[in-house]
(Lines of atoms letter the chains of each structure in order from A and count residues from 1; the text may use other names and numbers.)
(Lines give C-alpha, C1' and ligand atoms only; values in the text may rest on other atoms or scores of the structure.)
Protein backbone atom coordinates (compact mmCIF):
# COMPACT_ATOMS: atom_id res chain seq x y z
CA UNK A 1 0.00 0.00 0.00
CA UNK A 2 2.80 2.38 0.92
CA UNK A 3 4.59 1.66 -2.34
CA UNK A 4 1.53 2.89 -4.20
CA UNK A 5 0.42 5.71 -1.98
CA UNK A 6 3.76 7.48 -1.56
CA UNK A 7 4.40 8.07 -5.27
CA UNK A 8 0.77 9.11 -5.67
CA UNK A 9 1.07 11.61 -2.82
CA UNK A 10 4.33 12.94 -4.25
CA UNK A 11 2.80 13.37 -7.70
CA UNK A 12 -0.25 15.12 -6.25
CA UNK A 13 1.92 17.42 -4.14
CA UNK A 14 4.13 18.26 -7.13
CA UNK A 15 1.06 19.09 -9.23
CA UNK A 16 -0.33 21.37 -6.52
CA UNK A 17 3.00 23.16 -6.24
CA UNK A 18 3.03 24.10 -9.92
CA UNK A 19 -0.66 24.98 -9.68
CA UNK A 20 0.34 27.54 -7.02
CA UNK A 21 2.88 28.94 -9.50
CA UNK A 22 0.08 29.50 -12.01
CA UNK A 23 -2.11 31.14 -9.37
CA UNK A 24 0.74 33.40 -8.25
CA UNK A 25 1.36 34.41 -11.89
CA UNK A 26 -2.27 35.54 -12.27
CA UNK A 27 -2.35 37.42 -8.96
CA UNK A 28 0.86 39.30 -9.78
CA UNK A 29 -0.45 40.02 -13.27
CA UNK A 30 -3.53 41.65 -11.69
CA UNK A 31 -1.83 43.85 -9.10
CA UNK A 32 1.04 45.00 -11.32
CA UNK A 33 -1.27 46.23 -14.09
CA UNK A 34 -2.42 49.56 -12.58
CA UNK A 35 0.68 50.04 -10.42
CA UNK A 36 3.33 49.43 -13.10
CA UNK A 37 1.32 51.42 -15.64
CA UNK A 38 0.57 54.34 -13.33
CA UNK A 39 2.09 56.69 -15.90
CA UNK A 40 -1.11 56.30 -17.94
CA UNK A 41 -3.33 57.11 -14.94
CA UNK A 42 -0.86 59.88 -14.08
CA UNK A 43 -1.77 61.84 -17.21
CA UNK A 44 -5.50 61.70 -16.43
CA UNK A 45 -4.99 62.82 -12.83
CA UNK A 46 -2.72 65.65 -13.90
CA UNK A 47 -5.22 66.93 -16.46
CA UNK A 48 -8.22 66.52 -14.15
CA UNK A 49 -6.77 68.39 -11.18
CA UNK A 50 -4.27 70.63 -13.01
CA UNK A 51 -1.50 69.31 -10.73
CA UNK A 52 2.25 69.33 -11.08
CA UNK A 53 4.20 66.32 -12.27
CA UNK A 54 6.12 65.87 -9.03
CA UNK A 55 3.11 65.71 -6.71
CA UNK A 56 1.10 63.59 -9.11
CA UNK A 57 3.95 61.16 -9.65
CA UNK A 58 4.44 60.61 -5.94
CA UNK A 59 1.04 58.90 -5.77
CA UNK A 60 2.27 56.07 -7.97
CA UNK A 61 5.65 56.01 -6.22
CA UNK A 62 3.95 55.64 -2.83
CA UNK A 63 1.79 52.74 -4.09
CA UNK A 64 4.75 50.91 -5.64
CA UNK A 65 6.84 51.52 -2.54
CA UNK A 66 4.22 50.15 -0.15
CA UNK A 67 3.76 47.16 -2.46
CA UNK A 68 7.17 46.02 -1.23
CA UNK A 69 7.93 47.79 2.04
CA UNK A 70 4.62 46.97 3.76
CA UNK A 71 5.76 43.39 4.21
CA UNK A 72 6.46 44.23 7.84
CA UNK A 73 2.68 44.70 8.19
CA UNK A 74 1.42 41.87 5.99
CA UNK A 75 3.79 39.08 7.07
CA UNK A 76 2.50 38.84 10.68
CA UNK A 77 -1.01 38.62 9.23
CA UNK A 78 0.09 35.86 6.84
CA UNK A 79 1.66 34.01 9.75
CA UNK A 80 -1.52 34.28 11.77
CA UNK A 81 -4.25 33.78 9.15
CA UNK A 82 -2.51 32.16 6.19
CA UNK A 83 -1.79 33.38 2.63
CA UNK A 84 -5.25 32.62 1.22
CA UNK A 85 -7.18 34.91 3.55
CA UNK A 86 -4.58 37.68 3.36
CA UNK A 87 -4.66 37.46 -0.45
CA UNK A 88 -8.45 37.81 -0.47
CA UNK A 89 -8.30 40.81 1.87
CA UNK A 90 -5.57 42.34 -0.27
CA UNK A 91 -7.66 41.95 -3.42
CA UNK A 92 -10.59 43.74 -1.76
CA UNK A 93 -8.31 46.58 -0.67
CA UNK A 94 -6.64 46.75 -4.07
CA UNK A 95 -9.85 46.81 -6.11
CA UNK A 96 -11.62 49.00 -3.56
CA UNK A 97 -8.76 51.49 -3.66
CA UNK A 98 -9.06 51.79 -7.43
CA UNK A 99 -12.83 52.31 -7.20
CA UNK A 100 -12.55 54.92 -4.43
CA UNK A 101 -9.81 56.71 -6.41
CA UNK A 102 -12.39 57.16 -9.16
CA UNK A 103 -14.51 59.15 -6.67
CA UNK A 104 -11.88 61.58 -5.32
CA UNK A 105 -12.83 65.29 -5.58
CA UNK A 106 -9.22 66.46 -5.15
CA UNK A 107 -5.77 65.03 -5.84
CA UNK A 108 -4.82 64.90 -2.14
CA UNK A 109 -7.39 62.14 -1.55
CA UNK A 110 -5.66 59.95 -4.15
CA UNK A 111 -2.61 59.74 -1.88
CA UNK A 112 -4.77 57.74 0.51
CA UNK A 113 -7.02 55.84 -1.93
CA UNK A 114 -4.36 54.93 -4.50
CA UNK A 115 -1.02 55.54 -2.80
CA UNK A 116 -1.88 53.84 0.52
CA UNK A 117 -4.92 51.58 0.00
CA UNK A 118 -3.96 50.24 -3.44
CA UNK A 119 -0.32 49.94 -2.33
CA UNK A 120 -1.20 48.01 0.83
CA UNK A 121 -3.65 45.77 -1.03
CA UNK A 122 -1.02 44.98 -3.65
CA UNK A 123 1.48 44.17 -0.90
CA UNK A 124 -0.92 41.80 0.84
CA UNK A 125 -1.33 39.89 -2.42
CA UNK A 126 2.32 40.01 -3.47
CA UNK A 127 3.73 39.12 -0.06
CA UNK A 128 1.27 36.24 0.25
CA UNK A 129 2.18 34.66 -3.07
CA UNK A 130 5.91 35.16 -2.47
CA UNK A 131 5.60 33.42 0.89
CA UNK A 132 3.49 30.71 -0.76
CA UNK A 133 6.16 30.04 -3.38
CA UNK A 134 8.90 29.85 -0.75
CA UNK A 135 6.76 27.31 1.13
CA UNK A 136 6.32 25.12 -1.96
CA UNK A 137 9.79 25.61 -3.49
CA UNK A 138 12.29 26.32 -0.69
CA UNK A 139 15.03 24.37 -2.45
CA UNK A 140 14.40 22.50 -5.67
CA UNK A 141 13.05 24.54 -8.62
CA UNK A 142 12.97 27.74 -6.57
CA UNK A 143 14.55 29.84 -9.33
CA UNK A 144 12.31 28.28 -11.97
CA UNK A 145 9.15 28.95 -9.97
CA UNK A 146 10.00 32.59 -9.30
CA UNK A 147 11.16 33.25 -12.86
CA UNK A 148 7.86 31.93 -14.22
CA UNK A 149 5.80 33.90 -11.70
CA UNK A 150 7.73 37.12 -12.36
CA UNK A 151 6.70 36.78 -16.00
CA UNK A 152 3.41 38.15 -14.71
CA UNK A 153 4.99 41.60 -14.33
CA UNK A 154 6.20 41.65 -17.95
CA UNK A 155 2.93 40.40 -19.41
CA UNK A 156 1.09 42.87 -17.18
CA UNK A 157 3.08 45.76 -18.63
CA UNK A 158 2.27 44.58 -22.15
CA UNK A 159 -1.45 43.96 -21.54
CA UNK A 160 -2.54 46.74 -19.19
CA UNK A 161 -0.97 49.64 -21.11
CA UNK A 162 -3.31 49.30 -24.13
CA UNK A 163 -6.20 48.18 -21.88
CA UNK A 164 -6.01 51.25 -19.64
CA UNK A 165 -5.50 53.56 -22.61
CA UNK A 166 -8.55 52.16 -24.41
CA UNK A 167 -10.80 52.21 -21.34
CA UNK A 168 -9.83 55.79 -20.50
CA UNK A 169 -10.44 56.91 -24.08
CA UNK A 170 -13.84 55.19 -24.27
CA UNK A 171 -15.20 55.56 -20.72
CA UNK A 172 -13.01 58.33 -19.14
CA UNK A 173 -10.53 57.63 -16.37
CA UNK A 174 -12.99 57.43 -13.47
CA UNK A 175 -15.09 54.70 -15.08
CA UNK A 176 -11.93 52.96 -16.29
CA UNK A 177 -10.67 52.64 -12.70
CA UNK A 178 -14.05 51.26 -11.60
CA UNK A 179 -13.96 48.62 -14.32
CA UNK A 180 -10.36 47.63 -13.53
CA UNK A 181 -11.05 47.62 -9.78
CA UNK A 182 -14.15 45.44 -10.02
CA UNK A 183 -12.58 43.09 -12.52
CA UNK A 184 -9.46 42.72 -10.35
CA UNK A 185 -11.52 41.61 -7.35
CA UNK A 186 -13.58 39.09 -9.33
CA UNK A 187 -10.68 37.56 -11.26
CA UNK A 188 -8.40 37.61 -8.23
CA UNK A 189 -10.95 35.85 -6.04
CA UNK A 190 -11.46 33.08 -8.60
CA UNK A 191 -7.75 32.23 -8.53
CA UNK A 192 -7.13 32.95 -4.83
CA UNK A 193 -9.70 30.47 -3.45
CA UNK A 194 -7.63 27.34 -4.39
CA UNK A 195 -4.51 28.68 -2.62
CA UNK A 196 -3.12 26.02 -0.31
CA UNK A 197 0.11 25.43 1.56
CA UNK A 198 2.27 22.29 1.46
CA UNK A 199 1.84 22.11 5.21
CA UNK A 200 -1.87 21.37 4.73
CA UNK A 201 -1.36 18.25 2.63
CA UNK A 202 -1.55 15.62 5.37
CA UNK A 203 -1.45 15.48 9.13
CA UNK A 204 1.51 13.07 8.90
CA UNK A 205 3.55 15.58 6.88
CA UNK A 206 2.73 18.37 9.34
CA UNK A 207 3.86 16.23 12.25
CA UNK A 208 7.08 15.24 10.51
CA UNK A 209 7.93 18.86 9.69
CA UNK A 210 7.10 20.00 13.21
CA UNK A 211 9.69 17.55 14.57
CA UNK A 212 12.40 17.93 11.94
CA UNK A 213 12.32 21.53 10.76
CA UNK A 214 13.39 24.63 12.55
CA UNK A 215 11.05 26.47 10.22
CA UNK A 216 7.96 24.78 11.68
CA UNK A 217 6.25 27.74 13.38
CA UNK A 218 6.64 29.90 10.31
CA UNK A 219 5.91 27.24 7.73
CA UNK A 220 2.83 25.88 9.40
CA UNK A 221 1.57 29.42 9.68
CA UNK A 222 1.44 29.44 5.91
CA UNK A 223 -1.68 27.33 6.26
CA UNK A 224 -5.12 28.73 6.91
CA UNK A 225 -4.97 27.78 10.57
CA UNK A 226 -5.19 30.56 13.14
CA UNK A 227 -2.30 30.88 15.60
CA UNK A 228 -3.98 32.56 18.56
CA UNK A 229 -0.94 33.91 20.35
CA UNK A 230 0.84 35.41 17.31
CA UNK A 231 4.57 34.83 16.88
CA UNK A 232 6.06 31.99 18.90
CA UNK A 233 9.10 32.49 21.09
CA UNK A 234 11.16 30.56 18.55
CA UNK A 235 10.06 32.93 15.79
CA UNK A 236 10.93 36.02 17.82
CA UNK A 237 14.32 34.52 18.57
CA UNK A 238 15.02 33.96 14.90
CA UNK A 239 13.94 37.50 13.99
CA UNK A 240 16.38 38.94 16.54
CA UNK A 241 19.13 36.61 15.36
CA UNK A 242 18.69 37.69 11.76
CA UNK A 243 18.53 41.37 12.70
CA UNK A 244 21.94 41.14 14.38
CA UNK A 245 23.65 39.48 11.41
CA UNK A 246 25.86 41.78 9.32
CA UNK A 247 24.93 39.68 6.28
CA UNK A 248 21.31 40.76 6.69
CA UNK A 249 22.21 44.42 6.39
CA UNK A 250 24.68 43.87 3.57
CA UNK A 251 22.14 41.91 1.53
CA UNK A 252 19.35 44.38 2.27
CA UNK A 253 21.57 47.28 1.19
CA UNK A 254 22.49 45.38 -1.97
CA UNK A 255 18.83 44.89 -2.92
CA UNK A 256 17.90 48.48 -2.08
CA UNK A 257 20.62 49.67 -4.46
CA UNK A 258 19.53 47.17 -7.13
CA UNK A 259 15.93 48.39 -7.13
CA UNK A 260 17.02 52.01 -6.79
CA UNK A 261 19.10 51.70 -9.95
CA UNK A 262 16.36 50.03 -12.01
CA UNK A 263 13.81 52.67 -10.98
CA UNK A 264 15.23 54.83 -13.77
CA UNK A 265 14.03 52.33 -16.35
CA UNK A 266 10.62 52.02 -14.70
CA UNK A 267 9.97 55.74 -14.18
CA UNK A 268 12.25 57.83 -16.38
CA UNK A 269 13.12 55.73 -19.43
CA UNK A 270 10.35 57.15 -21.61
CA UNK A 271 11.16 60.70 -20.55
CA UNK A 272 14.86 60.07 -21.29
CA UNK A 273 14.05 58.99 -24.85
CA UNK A 274 11.68 61.90 -25.39
CA UNK A 275 13.84 64.72 -24.03
CA UNK A 276 17.44 63.53 -24.42
CA UNK A 277 17.08 61.46 -27.61
CA UNK A 278 14.18 63.37 -29.22
CA UNK A 279 12.34 60.15 -30.05
CA UNK A 280 8.79 60.17 -31.37
CA UNK A 281 5.90 58.61 -29.44
CA UNK A 282 5.89 55.58 -31.74
CA UNK A 283 9.63 55.06 -31.30
CA UNK A 284 9.29 55.29 -27.52
CA UNK A 285 6.44 52.78 -27.58
CA UNK A 286 8.50 50.30 -29.61
CA UNK A 287 11.49 50.71 -27.26
CA UNK A 288 9.31 50.03 -24.21
CA UNK A 289 7.81 46.99 -25.92
CA UNK A 290 11.33 45.73 -26.63
CA UNK A 291 12.06 46.25 -22.93
CA UNK A 292 9.08 44.09 -21.98
CA UNK A 293 9.96 41.43 -24.57
CA UNK A 294 13.51 41.32 -23.25
CA UNK A 295 12.14 40.78 -19.75
CA UNK A 296 9.98 37.90 -20.93
CA UNK A 297 12.87 36.26 -22.77
CA UNK A 298 15.18 36.71 -19.78
CA UNK A 299 12.74 35.19 -17.30
CA UNK A 300 12.04 32.24 -19.56
CA UNK A 301 15.77 31.57 -19.85
CA UNK A 302 16.16 31.87 -16.08
CA UNK A 303 13.30 29.43 -15.55
CA UNK A 304 15.11 26.91 -17.76
CA UNK A 305 18.70 27.28 -16.56
CA UNK A 306 18.93 29.20 -13.24
CA UNK A 307 18.45 26.11 -11.07
CA UNK A 308 21.23 24.34 -12.97
CA UNK A 309 23.86 27.03 -12.39
CA UNK A 310 26.92 25.77 -10.50
CA UNK A 311 27.07 28.92 -8.37
CA UNK A 312 24.98 30.79 -5.84
CA UNK A 313 22.19 33.04 -7.10
CA UNK A 314 23.93 35.86 -5.22
CA UNK A 315 26.52 35.94 -7.99
CA UNK A 316 23.77 36.23 -10.62
CA UNK A 317 22.39 39.30 -8.81
CA UNK A 318 25.89 40.80 -8.59
CA UNK A 319 26.57 40.12 -12.29
CA UNK A 320 23.22 41.67 -13.28
CA UNK A 321 24.16 44.81 -11.35
CA UNK A 322 27.49 45.07 -13.17
CA UNK A 323 25.73 44.65 -16.52
CA UNK A 324 23.22 47.29 -15.42
CA UNK A 325 26.13 49.67 -14.80
CA UNK A 326 27.51 48.98 -18.28
CA UNK A 327 24.11 49.61 -19.89
CA UNK A 328 23.58 52.84 -17.93
CA UNK A 329 26.96 54.07 -19.15
CA UNK A 330 26.11 53.16 -22.76
CA UNK A 331 22.90 55.19 -22.56
CA UNK A 332 24.90 58.40 -22.16
CA UNK A 333 26.13 58.23 -25.76
CA UNK A 334 23.46 56.19 -27.59
CA UNK A 335 21.64 58.20 -30.25
CA UNK A 336 20.69 55.69 -32.96
CA UNK A 337 17.10 54.45 -32.87
CA UNK A 338 18.05 50.91 -33.88
CA UNK A 339 20.76 50.73 -31.20
CA UNK A 340 18.31 51.91 -28.55
CA UNK A 341 15.93 49.11 -29.57
CA UNK A 342 18.72 46.56 -29.21
CA UNK A 343 19.82 48.02 -25.88
CA UNK A 344 16.21 48.03 -24.65
CA UNK A 345 15.94 44.31 -25.42
CA UNK A 346 19.18 43.69 -23.54
CA UNK A 347 18.13 45.91 -20.63
CA UNK A 348 14.90 43.97 -20.26
CA UNK A 349 16.79 40.68 -20.09
CA UNK A 350 19.29 41.98 -17.52
CA UNK A 351 16.55 43.57 -15.42
CA UNK A 352 14.70 40.24 -15.37
CA UNK A 353 17.64 38.73 -13.47
CA UNK A 354 17.54 41.59 -10.95
CA UNK A 355 13.79 41.11 -10.52
CA UNK A 356 13.63 37.30 -10.27
CA UNK A 357 16.93 36.15 -8.76
CA UNK A 358 16.85 38.05 -5.43
CA UNK A 359 14.11 35.67 -4.23
CA UNK A 360 16.01 32.36 -4.58
CA UNK A 361 19.25 34.14 -3.62
CA UNK A 362 17.70 35.29 -0.34
CA UNK A 363 16.46 31.76 0.30
CA UNK A 364 19.97 30.39 -0.23
CA UNK A 365 21.48 32.85 2.25
CA UNK A 366 18.79 33.03 4.95
CA UNK A 367 16.66 29.96 4.30
CA UNK A 368 17.53 28.35 7.63
CA UNK A 369 15.53 31.13 9.35
CA UNK A 370 12.28 30.25 7.61
CA UNK A 371 10.21 31.31 4.64
CA UNK A 372 8.52 34.15 6.54
CA UNK A 373 11.79 35.96 7.22
CA UNK A 374 13.05 35.23 3.71
CA UNK A 375 9.87 36.72 2.23
CA UNK A 376 10.27 39.97 4.17
CA UNK A 377 13.99 40.26 3.36
CA UNK A 378 13.16 39.79 -0.34
CA UNK A 379 10.36 42.37 -0.53
CA UNK A 380 11.07 45.26 1.87
CA UNK A 381 14.23 46.45 0.01
CA UNK A 382 12.13 46.71 -3.17
CA UNK A 383 9.79 49.21 -1.53
CA UNK A 384 12.62 51.27 -0.06
CA UNK A 385 14.53 51.33 -3.35
CA UNK A 386 11.47 52.48 -5.32
CA UNK A 387 10.66 55.19 -2.77
CA UNK A 388 14.20 56.59 -2.83
CA UNK A 389 14.86 56.08 -6.54
CA UNK A 390 11.75 57.76 -7.91
CA UNK A 391 12.77 61.37 -7.17
CA UNK A 392 16.54 61.00 -7.69
CA UNK A 393 16.65 60.88 -11.49
CA UNK A 394 13.99 63.57 -11.82
CA UNK A 395 15.87 65.86 -9.44
CA UNK A 396 19.11 65.55 -11.40
CA UNK A 397 17.19 66.20 -14.63
CA UNK A 398 15.67 69.36 -13.17
CA UNK A 399 19.14 70.44 -12.07
CA UNK A 400 21.04 69.82 -15.34
CA UNK A 401 18.36 69.70 -18.07
CA UNK A 402 19.27 66.16 -19.20
CA UNK A 403 19.67 62.66 -17.80
CA UNK A 404 23.44 62.24 -18.21
CA UNK A 405 24.22 62.98 -14.56
CA UNK A 406 21.42 60.65 -13.49
CA UNK A 407 22.89 57.85 -15.59
CA UNK A 408 26.38 58.33 -14.16
CA UNK A 409 24.93 58.18 -10.64
CA UNK A 410 23.10 54.97 -11.59
CA UNK A 411 26.39 53.46 -12.81
CA UNK A 412 27.86 54.13 -9.36
CA UNK A 413 24.76 52.70 -7.65
CA UNK A 414 24.94 49.44 -9.60
CA UNK A 415 28.69 49.05 -8.96
CA UNK A 416 28.14 49.59 -5.24
CA UNK A 417 25.31 47.07 -5.27
CA UNK A 418 27.52 44.41 -6.81
CA UNK A 419 30.36 45.19 -4.39
CA UNK A 420 28.05 44.92 -1.36
CA UNK A 421 26.68 41.58 -2.57
CA UNK A 422 30.16 40.15 -3.06
CA UNK A 423 31.19 41.40 0.38
CA UNK A 424 29.05 38.65 1.97
CA UNK A 425 31.10 35.63 0.76
CA UNK A 426 34.35 37.63 0.83
CA UNK A 427 33.76 38.50 4.50
CA UNK A 428 33.46 34.85 5.39
CA UNK A 429 36.63 33.99 3.53
CA UNK A 430 38.65 36.62 5.37
CA UNK A 431 37.25 35.65 8.78
CA UNK A 432 38.79 32.18 8.69
CA UNK A 433 42.50 31.44 8.59
CA UNK A 434 41.93 28.15 6.77
CA UNK A 435 38.94 27.60 4.58
CA UNK A 436 37.61 25.66 1.68
CA UNK A 437 35.23 27.95 -0.14
CA UNK A 438 32.56 26.56 -2.42
CA UNK A 439 30.69 28.51 -5.07
CA UNK A 440 28.13 25.73 -5.19
CA UNK A 441 25.24 25.71 -2.70
CA UNK A 442 25.03 22.73 -0.39
CA UNK A 443 21.88 21.13 0.93
CA UNK A 444 21.90 20.83 4.71
CA UNK A 445 18.94 18.46 5.06
CA UNK A 446 16.72 16.38 2.92
CA UNK A 447 13.67 18.18 4.31
CA UNK A 448 11.97 20.41 1.74
CA UNK A 449 11.74 23.11 4.41
CA UNK A 450 15.52 23.56 4.73
CA UNK A 451 16.96 25.37 1.70
CA UNK A 452 20.41 25.43 0.17
CA UNK A 453 23.12 27.23 2.09
CA UNK A 454 26.72 27.88 1.20
CA UNK A 455 29.53 27.11 3.55
CA UNK A 456 33.10 27.87 4.47
CA UNK A 457 34.87 24.92 6.13
CA UNK A 458 31.52 23.35 6.81
CA UNK A 459 30.12 26.41 8.55
CA UNK A 460 26.82 27.86 7.40
CA UNK A 461 27.08 31.28 5.84
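In my numbering, the protein residues as written are 19 to 479.
Heads up, the beta-carbon is just placed ideally off N, CA and C, and yes, glycines get one too.
This one's a predicted model, so the numbers in the text were calculated from it and none came from an experiment.
Would you mind working out which of the options sits nearest residue i, comparing C-alpha positions?
| i | options | result |
| --- | --- | --- |
| residue 351 | 252, 415, 177 and 291 | 291 |
| residue 303 | 372, 400 and 362 | 362 |
| residue 126 | 109, 148 and 68 | 68 |
| residue 358 | 283, 335 and 315 | 283 |
| residue 364 | 209, 306, 390 and 411 | 306 |
| residue 371 | 394, 316 and 329 | 316 |
| residue 446 | 421, 338, 410 and 265 | 265 |
| residue 84 | 328, 443 and 394 | 394 |
| residue 157 | 443, 331 and 439 | 331 |
| residue 64 | 420, 88, 191 and 421 | 191 |
| residue 37 | 288, 112 and 155 | 155 |
| residue 294 | 439, 419 and 443 | 419 |
| residue 131 | 159, 417 and 196 | 196 |
| residue 42 | 144, 80 and 78 | 144 |
| residue 138 | 101, 117 and 80 | 80 |
| residue 378 | 31, 320, 360 and 413 | 320 |
| residue 360 | 301, 433 and 437 | 301 |
| residue 210 | 289, 259, 101 and 318 | 101 |
| residue 415 | 129, 285 and 188 | 285 |
Could you give the distance in angstroms between the alpha-carbon of residue i and the alpha-carbon of residue j?
| i | j | result |
| --- | --- | --- |
| residue 214 | residue 40 | 13 Å |
| residue 405 | residue 383 | 25 Å |
| residue 312 | residue 375 | 16 Å |
| residue 355 | residue 119 | 38 Å |
| residue 373 | residue 194 | 29 Å |
| residue 172 | residue 252 | 38 Å |
| residue 254 | residue 75 | 38 Å |
| residue 261 | residue 152 | 20 Å |
| residue 89 | residue 108 | 12 Å |
| residue 53 | residue 449 | 44 Å |
| residue 328 | residue 334 | 11 Å |
| residue 46 | residue 122 | 26 Å |
| residue 33 | residue 150 | 15 Å |
| residue 207 | residue 263 | 39 Å |
| residue 368 | residue 339 | 8 Å |
| residue 289 | residue 421 | 9 Å |
| residue 257 | residue 297 | 50 Å |
| residue 281 | residue 433 | 15 Å |
| residue 82 | residue 99 | 24 Å |
| residue 35 | residue 417 | 50 Å |
Let me check you understand the geometry: is the CB of residue i closer than 6 Å to at least one non-hydrogen atom of the ligand MG?
| i | result |
| --- | --- |
| residue 99 | What this structure holds is no ligand at all, so the ligand MG is not there to describe. |
Taking 7 Å as the cut-off, decide whether the C-beta atoms of residue i and residue j are in contact.
| i | j | result |
| --- | --- | --- |
| residue 62 | residue 204 | no |
| residue 441 | residue 268 | yes |
| residue 115 | residue 147 | no |
| residue 342 | residue 279 | yes |
| residue 396 | residue 272 | no |
| residue 104 | residue 142 | yes |
| residue 388 | residue 86 | no |
| residue 140 | residue 198 | no |
| residue 169 | residue 310 | no |
| residue 336 | residue 429 | no |
| residue 78 | residue 174 | no |
| residue 202 | residue 113 | yes |
| residue 308 | residue 160 | no |
| residue 287 | residue 403 | no |
| residue 399 | residue 270 | yes |
My output table needs one value for residue i: the three-state DSSP class, helix, strand or coil.
| i | result |
| --- | --- |
| residue 50 | helix |
| residue 446 | helix |
| residue 263 | coil |
| residue 158 | coil |
| residue 280 | helix |
| residue 68 | coil |
| residue 302 | helix |
| residue 325 | helix |
| residue 197 | helix |
| residue 37 | helix |
| residue 397 | helix |
| residue 55 | coil |
| residue 296 | coil |
| residue 118 | helix |
| residue 88 | coil |
| residue 124 | coil |
| residue 214 | coil |
| residue 316 | helix |
| residue 350 | coil |
| residue 100 | coil |
Answer yes if the stretch 340-350 comes into contact with the stretch 419-432, meaning at least three C-beta pairs across the two stretches below 8 Å, and no otherwise. yes
If you pair each beta-carbon of the stretch 94-107 with each one of the stretch 179-195, do three or more pairs fall below 8 Å? Between the stretch 94-107 and the stretch 179-195 there are fewer than three inter-stretch CB-CB distances shorter than 8 Å, so the stretches are not counted as touching.
Can at least three beta-carbon pairs, one atom from the stretch 319-331 and one from the stretch 163-172, be found at a separation below 8 Å? At 8 Å Cβ cutoff, the stretches touch.
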